[in-house]
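Take a look at the structure below.
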Amino acid sequence: MSRSILVTGGAGFIGSHVCEHLLQRGDEVISLDNLDDYYDPAIKKAHLQHLAGFPGFTSVVGDIRDGDFLGQLAGNYRIDGIIHLAARAGVRPSIQQPGLYVDVNLNGTTQLLELARNHSIDHFVFASSSSVYGDRNEVPFHEEDPVDKPVSPYAATKKAGEVICHAFHHLHGINIFCLRYFTVYGPRQRPEMAIHRFTSLIQSGQPVPMFGDGSMERDFTYIDDIVRGTVAALDRVNGFDILNLGNHRSIRLDALIELIGQSCGKDVVVDRQPAPPGDVLKTCASVDKAAKLIGYSPETSIEDGIEKFITWYNTSRNAHQR
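The sequence shown: position 123 = 123 (our numbering), numbered continuously.
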């Protein structure tokens with residue numbers, strides 16, 4: 001028997017891929033998204049149009065902060081599990097609008113947990129972030145490392161989300177896995193995200209901004225690996241736990257820019273800029289725990305992932321130019 005899964009943020013980058021994976025294996029999917037203008041809503045609508053071609057897909061437009069609306073949603077649809085991806089994203093914008101980030105990322109998560117409690121939905125996956133680790137020097141990051149010193153409101157709201165998830169598990173017995181995603185990239189990536197933005201600038205011959213001296217390191221994780229890990233977490237969630245989903249390999253910012261340039265076959269002009277507040281120097285995931293609990297094993301190297309992304313970027317751009 002197929003399950004019916006509520007995916008919040010289903011029109012977004014990660015959400016649309018998760019929806020597609022679930023649909024391809026025969027699950028029914030309810031996508032909940034408010035189609036806000038954080039980036040072009042037309043991109044999200046295009047994702048939904050693609051997903052509409054699958055049987056068993058339902059798109060609902062609404063706000064995760066609206067508890068009454070969520071109650072009506074549960075009354076209209078069977079929901080066997082929740083993958084909660086909807087959030088106000090981005091470290092730097094959160095510094096300018098901290099209240100909005102608290103409202104969406106913490107209040108919205110609490111409303112969804114209330115939905116799960118009130119309607120006996122005991123499979124819940126929460127998308128957290130590697131940003132909760134703050135500006136740590138010791139790598140790789142382990143789930144047991146202290147995460148009580150976030151350096152941005154975004155990171156603080158993701159840590160707060162994990163905490164409220166634990167409270168609902170403890171009080172109401174909801175099975176919850178919190179997944180700390182490490183810098184996800186790939187096809188359908190938001191336009192302002194680093195790899196998408198760098199590719200666009202390099203392809204058009206414009207300078208690429210490089211914050212700091214280029215030594216900043218990130219554990220970039222390809223979307224297919226994230227999707228497999230997320231769905232495996234839904235399938236195997238039991239009790240409460242926190243898991244890293246990363247590639248377990250970091251790359252310097254200057255090396256990443258050079259790699260994208262090589263893959264595009266273009267010379268790169270770098271525009272050096274000061275490092276912004278809230279950014280951390282290094283991220284790298286230990287994935288041993290995720291391997292043990294959900295069988296997670298990242299398969300896509302940064303080199304292969306960049307090639308796949310640029311192929312998608314060129315195909316997508318050509319399609320829009322026709």
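Ideal placement from N, C-alpha and C gives every residue a C-beta, glycine not left out. Predicted, not measured: the structure shown is a model, and the values here were computed from it.
Quick check on residue i: buried or exposed, where buried means 16 or more other Cβ atoms within 10 Å of its Cβ?
| i | result |
| --- | --- |
| residue 90 | buried |
| residue 8 | buried |
| residue 265 | exposed |
| residue 105 | buried |
| residue 59 | buried |
| residue 40 | exposed |
| residue 311 | exposed |
| residue 232 | buried |
| residue 282 | buried |
| residue 215 | exposed |
| residue 169 | buried |
| residue 140 | buried |
| residue 147 | buried |
| residue 227 | buried |
| residue 163 | exposed |
| residue 207 | exposed |
| residue 150 | buried |
| residue 299 | exposed |
| residue 6 | buried |
| residue 171 | exposed |
For residue i, which beta-bridge partners are listed by DSSP?
| i | result |
| --- | --- |
| residue 210 | 272 |
| residue 124 | 82 and 176 |
| residue 285 | 141 |
| residue 33 | 61 |
| residue 184 | 221 |
| residue 4 | 28 |
| residue 245 | 181 |
| residue 240 | 176 |
| residue 129 | 181 |
| residue 252 | 217 |
Taking C-alpha atoms, which residue in the options lies nearest to residue i?
| i | options | result |
| --- | --- | --- |
| residue 302 | 217, 314 and 234 | 217 |
| residue 306 | 222, 266, 249 and 88 | 222 |
| residue 250 | 199, 197 and 138 | 138 |
| residue 117 | 46, 155, 173 and 75 | 173 |
| residue 50 | 15, 76, 68 and 77 | 15 |
| residue 278 | 144, 133, 299 and 78 | 133 |
| residue 254 | 4, 149, 198 and 71 | 198 |
| residue 68 | 31, 102, 112 and 79 | 112 |
| residue 184 | 159, 30 and 220 | 220 |
| residue 212 | 159, 196 and 252 | 252 |
| residue 161 | 107, 115, 171 and 30 | 107 |
| residue 294 | 230, 276, 270 and 271 | 230 |
| residue 270 | 210, 159 and 87 | 210 |
| residue 73 | 88, 32 and 166 | 32 |
| residue 75 | 194, 115, 234 and 225 | 115 |
| residue 313 | 195, 274, 71 and 234 | 195 |
| residue 263 | 119, 224, 200 and 234 | 200 |
| residue 119 | 18, 17, 71 and 44 | 71 |
| residue 20 | 224, 276, 304 and 275 | 224 |
| residue 256 | 274, 304 and 234 | 304 |
If you drop the 5 nearest sequence neighbours on each side, which residues of the same chain put their C-beta closer than 7 Å to that of residue i?
| i | result |
| --- | --- |
| residue 321 | Note that residue 321 has pLDDT 38, beneath the 50 cutoff, so the model's placement of it is unreliable and no number is given. |
| residue 142 | 286 |
| residue 13 | 188, 189 and 190 |
| residue 297 | 291 |
| residue 157 | 101, 102, 105 and 106 |
By Cβ distance, which residues of its chain are closer than 8 Å to residue i, with the 5 residues on each side in sequence left out?
| i | result |
| --- | --- |
| residue 258 | 268 |
| residue 316 | 187 |
| residue 2 | 26, 27, 28 and 56 |
| residue 110 | 164 |
| residue 276 | 92 and 211 |
Output needed for residue i: all residues of its chain with C-beta closer than 6 Å, excluding positions within five of it in sequence on either side, in chain order.
| i | result |
| --- | --- |
| residue 308 | none |
| residue 48 | 11 and 59 |
| residue 280 | 135 |
| residue 261 | 202 and 268 |
| residue 130 | 180, 182 and 283 |
| residue 94 | 101, 152, 153 and 154 |
| residue 77 | 30 |
| residue 272 | 210 |
| residue 54 | 23 |
Can you find a C-beta in chain B that's less than 9 Å from the C-beta of residue i?
| i | result |
| --- | --- |
| residue 267 | The chain inventory of the structure shown lacks chain B, comprising one protein chain alone. |
Say whether the stretch 71–83 touches the stretch 117–133, bearing in mind that this needs 3 or more beta-carbon pairs closer than 8 Å, one atom from each stretch.
Look at the beta carbons and you see the stretch 71–83 touching the stretch 117–133: at least three pairs across the two are nearer than 8 Å.
Quick one: any contact between the stretch 20–37 and the stretch 58–65, if contact means 3 or more CB pairs under 8 Å?
Yes, the stretch 20–37 touches the stretch 58–65.
Is there contact here, the stretch 288–295 with the stretch 238–256, by at least three beta-carbon pairs under 8 Å?
The stretch 288–295 vs the stretch 238–256: in contact.
Taking three-plus beta-carbon pairs below 8 Å as touching, is the stretch 18–28 in contact with the stretch 97–114?
The stretch 18–28 makes no contact with the stretch 97–114, as fewer than three CB pairs between them are under 8 Å.
Given 8 Å as the limit, is there contact between the stretch 175–184 and the stretch 232–241, that is, 3 or more CB pairs closer than that?
The stretch 175–184 vs the stretch 232–241: in contact.
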